[in-house]
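Here the structure is laid out as structure tokens; the discussion comes afterwards.
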Amino acid sequence: DIDGVLNTTQSGPEVLEPEKIALLIALLQRSEAVVVLSSTWRVHERLRQKFQQTLLLAGSNPSMEGTPINNWDTYGQATGADAVLERCSEIEAWLKSNESRVESWVALDDLPL
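Under my numbering, the residues of the sequence shown are numbered 770 to 882, in order.
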């Protein structure tokens, strides 16, 4: 996730906080992880490019993918527990389709996954 993790209500929408980006980059460098976006930033090309450009400018160029959208008809409409279930389902679908590549994984999210 990006909103609520790499930015906050104090920084405002679409503002990526440099200190949080630095922490993410440190994690990526230590783990050689792939970034798999499960946030709405994955479906908006401008936002995805902004995130990738921010990482590049900060000295990191990780492989970046996105979780699948399970249902385009209802995408983005879920709230509360339904939003958590939707996000978990999308992460689970990505993990299942990439199980041969995944040794371990972690989710950085402000939802209680």
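Glycine residues also receive a C-beta, built at the ideal position from the N, C-alpha and C atoms.
Near C857, which residues of its chain fall below 7 angstroms by C-beta distance, leaving aside the five closest residues on each side in sequence? L882
Sort S866, S869, R870, E859 by Cα distance to A876 and report the nearest one. E859
Mind checking whether L816 and E783 have CB atoms under 8 angstroms apart? Contact: yes.
Hey, could you find the ends of the beta strand (DSSP E) G835 is sitting in? From DSSP, the beta strand (DSSP E) with G835 extends over 833 to 835.
Thinking C-beta only, is L880 closer than 8 angstroms to A852? yes
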